[in-house]
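In what follows, a structure is listed as structure tokens, so that the remarks can point back to it.
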Amino acid sequence: MKQAITLTNAPTVKSAVKSKKMGFWTVLLFGINSILGSGIFLLPNEGMRLFGPASIFVLAFDAVLVLTIGLCFAEDSSLFDETGGAYVYAKAAFGNFVGYEVGFVTWTIRIIAEGTLYVGFATAVAGVFPELNNPLDKDIIVTIMALTLMTVNLFGIKVAAILNNAVTVSKLLPLVFFIAIGIWFIKGGNFTPMIPASVASKGSFAKAAMTMFFVFTGIESSVVAAGEMKNPKKDLPRVLIIVILAVAAFYILVQTVCIGVLGKSLAVSTTPIQDAFGTMVGSFGKYLVAAGTLMSIGGVGFSTSFITPRFGVAMAEYGMMPQFLTHKNRFGVPHNAIIISALLGLLVAVSGSFNTLVQISAVSRFAQYIPSCLAVLVFRKTMKNRKSGFKIPFGWFIPVLAITVSLWLLAQTSISNLIWGFGALLVAVPFYFLSRKNFID
0 MKQAITLTNA PTVKSAVKSK KMGFWTVLLF GINSILGSGI FLLPNEGMRL
50 FGPASIFVLA FDAVLVLTIG LCFAEDSSLF DETGGAYVYA KAAFGNFVGY
100 EVGFVTWTIR IIAEGTLYVG FATAVAGVFP ELNNPLDKDI IVTIMALTLM
150 TVNLFGIKVA AILNNAVTVS KLLPLVFFIA IGIWFIKGGN FTPMIPASVA
200 SKGSFAKAAM TMFFVFTGIE SSVVAAGEMK NPKKDLPRVL IIVILAVAAF
250 YILVQTVCIG VLGKSLAVST TPIQDAFGTM VGSFGKYLVA AGTLMSIGGV
300 GFSTSFITPR FGVAMAEYGM MPQFLTHKNR FGVPHNAIII SALLGLLVAV
350 SGSFNTLVQI SAVSRFAQYI PSCLAVLVFR KTMKNRKSGF KIPFGWFIPV
400 LAITVSLWLL AQTSISNLIW GFGALLVAVP FYFLSRKNFI D
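Just so we're aligned: 29 in numbering that gives the first Met the number 0 is position 30 of the sequence shown, and the numbers increase by one with no gaps anywhere.
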């Protein structure tokens with residue numbers, strides 16, 4: 000029988016992904032990379048379409064929500080040094096079943112995110128080559144990307160650190176130039192009316208908030224890698240807060256420049272930052288952002304395709320998933336998990352548009368966020384004697400606010416997106432009962 004799972008030997012991603020210990024600045028960079036992805040390049044238009052120039056305030060609202068959730072993760076993370084993030088917190092607070100559900104959904108979310116990045120890459124390519132902006136060509140691009148990344152991963156990965164640095168530079172430099180130059184091209188008239196009559200309808204704010212929430216997803220990635228850090232209890236709380244505040248400021252500035260430069264045309268742009276930069280400095284700016292977009296999404300897609308199968312492997316190593324996921328090929332990589340994750344990501348990608356996948360991915364994240372916020376309240380009663388490196392101010396107010404606003408956002412979401420977003424919770428139930436004999440405490 001498998002060894003019983005406790006808080007000290009819980010299944011972790013660390014067992015699947017070996018790396019040297021990360022210091023504060025590396026963790027900070029990792030956190031920024033985890034959040035800054037395809038959304039910043041492809042979603043400003045959706046914000047404008049759904050809520051006009053007031054989408055800036057929607058981003059600010061989402062930033063406050065994410066900060067409250069991040070504070071909950073910060074307090075949770077100060078109590079544990081195990082890798083696993085929301086899975087560890089849910090298991091410790093609510094037991095094996097909830098922990099398993101959260102762990103299963105985490106892997107599912109990664110697969111959805113992988114599919115979303117495939118579609119985001121195809122959308123970005125179509126922005127550079129308009130003749131490819133049709134369903135067939137986009138599906139071909141998505142398929143080529145998925146199979147290419149899967150093949151590369153099957154032969155092993157040795158350049159992850161170099162690629163991570165390249166992705167960081169390729170993402171940040173074009174955006175820094177965009178903001179620095181763009182503030183001189185802003186036209187005040189593009190911000191009126193702040194909320195156009197065409198979008199001032201019931202539920203439009205909530206829909207915009209849910210869609211744009213996607214650009215903040217990824218905060219959980221930092222805590223998942225806690226076991227790979229030198230001092231997670233001390234570093235993670237600081238990293239989470241700094242990353243969220245910095246990224247929020249970045250997003251609001253980008254959205255402001257896009258609106259100020261493009262005005263109403265932003266709502267119909269498929270590549271908003273490219274188009275805005277092109278308006279400012281001509282084709283050079285457009286192609287600079289296009290290159291940055293493709294490198295960013297491609298790089299994040301590569302990283303995601305490398306990490307995603309390891310979540311399934313980590314659970315399988317402790318009997319929480321079928322054991323064949325742990326099998327390795329002659330290159331020492333879990334080939335079954337890589338193939339399954341890639342094919343499922345491809346299936347997700349060809350089944351919906353980028354914006355639909357964004358909403359499904361955002362909904363799915365709450366299956367991690369809400370239990371982690373609830374766990375704060377539980378730990379304050381059950382772990383009074385455990386030393387905490389960080390405690391949220393104002394007592395129970397912030398965790399309850401995070402939970403309440405999260406539930407309100409979910410209540411505004413379409414039934415179909417809720418079903419797709421939380422479907423993994425139902426799918427996980429039979430797997431839990433089939434495998435629980437392997438991880439009885």
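We put the beta carbon where it would ideally sit given N, CA and C, even for glycine.
With residue i as the anchor, note down where its alpha helix (DSSP H) starts and where it stops.
i, result
"Q254", "P231 to L261"
"V288", "S282 to A315"
"D138", "P134 to L153"
"I182", "Unbroken run through I182: none, as it is neither H nor E."
"S197", "Per DSSP, S197 belongs to no alpha helix (DSSP H) and is neither H nor E."
"F212", "S203 to F212"
"S405", "F396 to A410"
"N44", "P43 to F50"
"H334", "H334 to S350"
"L70", "S54 to S76"
"P429", "I414 to S434"
"G119", "N95 to V127"
"F23", "F23 to I34"
Pull up the CB-CB distance for residue i and residue j, whole angstroms please, since I reckon it's below 8 Å.
i, j, result
"V420", "S340", "Reading off the sequence shown, one finds Gly at residue 420, where the question assumed Val. Between S340 and G420 the Cβ distance is about 19 Å, and since that is not below 8 Å, they are no contact."
"I369", "S405", "6 Å"
"N152", "V332", "7 Å"
"G318", "S434", "5 Å"
"I194", "F50", "7 Å"
"F430", "F103", "7 Å"
"A92", "L373", "7 Å"
"F40", "A123", "7 Å"
"P172", "G291", "One detail in the question is off: residue 172 reads as Leu in this sequence, not Pro. About 7 Å; that satisfies the 8 Å criterion."
"M294", "S169", "4 Å"
"L252", "I178", "5 Å"
"A145", "L409", "Contact doesn't hold; Cβ gap of about 29 Å is too wide."
Taking 7 Å as the limit between beta carbons, can you name the residues of its chain near residue i, skipping five residues before and five after?
i, result
"G202", "Q411"
"G98", "Y86, A89 and K90"
"L395", "Note on residue identity: the sequence assigns Trp, not Leu, to residue 395. Excluding residues within five positions, the ones whose Cβ falls inside 7 Å are L376."
"L343", "I110"
"V312", "A15, L324, T325, P333 and A336"
"F310", "V12, T105, W106 and R109"
"F204", "F50 and V57"
"F365", "S405 and L409"
"L78", "F378, M382, R385 and S387"
"V65", "F215, I218 and I243"
"A207", "G46, L49, F50, S54 and V57"
"V101", "A85, Y86, A89, A366, Q367 and P370"
So, at 6 Å on beta carbons, what are the nonlocal neighbours of residue i in its own chain, with the 5 sequence-adjacent residues on each side left out?
i, result
"I185", "G259"
"F23", "D234"
"V246", "I34"
"K285", "Q273, F276 and G277"
"K137", "A121"
"V242", "G30 and I31"
"A53", "M193 and I194"
"V288", "P173, I272, Q273 and F276"
"I448", "The structure shown has nothing for residue 448, since the chain only spans 0 to 440."
Grab me the residues of residue i's own chain with a C-beta within less than 8 Å of its C-beta, minus the 5 sequence neighbours each way, in chain order.
i, result
"M267", "Looking at the sequence itself, residue 267 is Val, so the reference to Met does not match. Closer than 8 Å at Cβ, skipping near neighbours: N44 and R48."
"R329", "none"
"V158", "Any reading at V158 needs caution, since the residue's pLDDT is 49, under 50, leaving its predicted position unreliable; the model's value is listed next. Answer for V158: no residue qualifies."
"T381", "A92"
"W407", "A205"
"G262", "K186, G188 and N189"
"A59", "A247 and I251"
When every heavy atom of the ligand SAH is checked, does at least one fall within less than 6 Å of the C-beta of residue i?
i, result
"A199", "The ligand SAH is not among the ligands present in this structure, which contains no ligands whatsoever."
At least three beta-carbon pairs within less than 8 Å, the segment 243-257 to the segment 271-289: Contact holds: three or more Cβ-Cβ distances are below 8 Å.
Contact the segment 381-397 vs the segment 69-86: 3+ CB pairs below 8 Å: Three or more Cβ pairs drawn from the segment 381-397 and the segment 69-86 lie within less than 8 Å of each other, which places the two stretches in contact.
Cβ contact check for the segment 134-142 and the segment 295-303: 3 or more pairs under 8 Å: Contact between the segment 134-142 and the segment 295-303 is absent, because fewer than three Cβ pairs lie under 8 Å.
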